[in-house]
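**Student:** Residue numbers (the working numbering): 6 to 293.
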Ligand SMILES: C[S@@+](CC[C@H](N)C(=O)[O-])C[C@H]1O[C@@H](n2cnc3c(N)ncnc32)[C@H](O)[C@@H]1O
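(1) Residue 77 to residue 202, Cα distance in whole Å?
(2) Which value, in whole angstroms, describes the spacing of the CA atoms of residue 293 and residue 141?
(3) Hey, out of 99, 168, 134, whose CA is closest to residue 117's CA?
(4) Using 8 Å as the threshold, is the C-beta distance between residue 14 and residue 286 below it?
(5) Between the stretch 127-143 and the stretch 78-86, can you find at least three pairs of beta-carbon atoms closer than 8 Å?
(6) Cβ atoms of residue 29 and residue 252: under 8 Å apart, would you say?
(7) Tell me the residue span of the beta strand (DSSP E) that contains residue 129.
(8) Which one of 182, 49, 263 has the shortest CA to CA distance from residue 96?
(9) Please report the Cβ distance between residue 122 and residue 164, rounded to the nearest whole angstrom; I am assuming they are in contact, meaning their Cβ atoms lie under 8 Å.
(10) Are the stretch 264-271 and the stretch 18-29 in contact at 8 Å, needing three or more beta carbon pairs?
(11) Following a CB-centred definition, is residue 127 positioned closer than 7 Å to any heavy atom of ligand 1?
(12) Between which two residues does the beta strand (DSSP E) containing residue 87 stretch?
(13) If you run the structure through DSSP and keep just helix, strand and coil, what is residue 21?
(14) With H, G and I counted as helix, E and B as strand and the rest as coil, what does DSSP make of residue 73?
(15) With distances taken between CB atoms, is the gap from residue 246 to residue 181 smaller than 8 Å?
(16) What does the alpha-carbon distance come out to for the pair residue 90 and residue 72?
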């Protein structure tokens with residue numbers, strides 16, 4: 006395989022990280038062997054005119070969806086038999102169908118095994134959660150962009166689709182589980198032998214608050230490393246022998262894989278984003 010990677014380094018626990026500055030649809034075929042990737046975890050451009058440095062995010066919709074279908078074929082070739090393809094995708098209030106159109110474009114190759122809602126902000130009325138929660142007032146947390154609208158409510162979530170070949174890939178629900186709030190469940194249900202239950206399909210993960218976009222976040226559309234980290238744990242860490250992100254951006258998925266000591270390969274067309282990914286990985290263990 007010709008060419009040199011943009012960077013080849015090691016995570017803090019010695020796992021290899023390789024970054025390629027390359028179109029990932031080609032790179033997935035050139036740089037990884039067929040059937041070798043256990044987890045693909047990624048967020049593609051959403052075709053919403055996001056101002057990326059090296060990619061124009063405004064194709065005609067049909068062309069965009071054909072491109073997503075081609076991405077699906079490249080991922081299908083790379084993915085191992087029991088592999089998971091986690092795709093984060095958001096709609097907008099005026100285009101709520103887009104994530105589902107994207108899921109539809111991947112249907113020719115994959116089964117949609119799980120749909121997870123990534124909740125970025127939430128408002129919980131104290132009166133609805135009861136005294137046991139310990140809340141002393143209503144709780145309003147997470148990312149909020151104050152946009153005025155006569156028509157739409159604030160968009161507070163995105164999707165994470167888990168695609169697999171046939172919908173039967175075992176997952177490790179308790180690896181991302183939560184403790185029972187009502188401990189009587191431990192006595193009442195047969196088969197409950199630890200204080201841990203499935204978290205369900207709504208994951209609340211706020212962004213770190215930023216005020217100055219350009220300096221605080223050198224990329225217009227990152228996800229927090231905790232999102233791919235949960236996906237990797239849900240797939241099952243021992244079965245995540247190679248992790249790939251075809252749209253690595255500033256490297257949240259690379260950070261997640263490195264923290265969990267999983268070998269990682271990432272692609273992006275933009276050298277500055279990849280340089281930031283490398284910087285984050287180099288800082289890992291000291292501050293990230
Ligand atoms: C939604 S962003 C990914 C952000 C990433 N999850 C993060 O947390 O930083 C999509 C990325 O895809 C990259 N990109 C667009 N087209 C690409 C292609 N054909 N191959 C590789 N990367 C591409 C863009 O430069 C952008 O960084």
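Heads up, the beta-carbon is just placed ideally off N, CA and C, and yes, glycines get one too.
Every value quoted in this text rests on a predicted model; they were computed, and no experiment measured them.
**Tutor:** So, to answer that:
(1) A direct Cα-Cα distance of roughly 32 Å separates residue 77 from residue 202.
(2) Its pLDDT being 49, under 50, residue 293 is placed unreliably in this model, and the coordinates cannot settle the point.
(3) Residue 168 is the option with its Cα nearest to residue 117.
(4) In this structure, residue 286 lies closer than 8 Å to residue 14 by Cβ.
(5) Cβ pair count under 8 Å is below three, so no.
(6) Taking 8 Å as the cut-off, the Cβ atoms of residue 252 and residue 29 count as close.
(7) DSSP places residue 129 inside the beta strand (DSSP E), whose first and last residues are 126-129.
(8) Residue 49 is the option with its Cα nearest to residue 96.
(9) Contact flag correct, Cβ pair sits at about 6 Å.
(10) Yes, the stretch 264-271 touches the stretch 18-29.
(11) Result no, Cβ not under 7 Å from ligand 1.
(12) Residues 84-94.
(13) The three-state secondary structure of residue 21, taken from DSSP, is strand.
(14) Three-state DSSP puts residue 73 in a helix.
(15) With contacts defined as CB atoms closer than 8 Å, residue 246 and residue 181 fail to qualify as a contacting pair.
(16) Cα to Cα, the separation comes out at about 17 Å.
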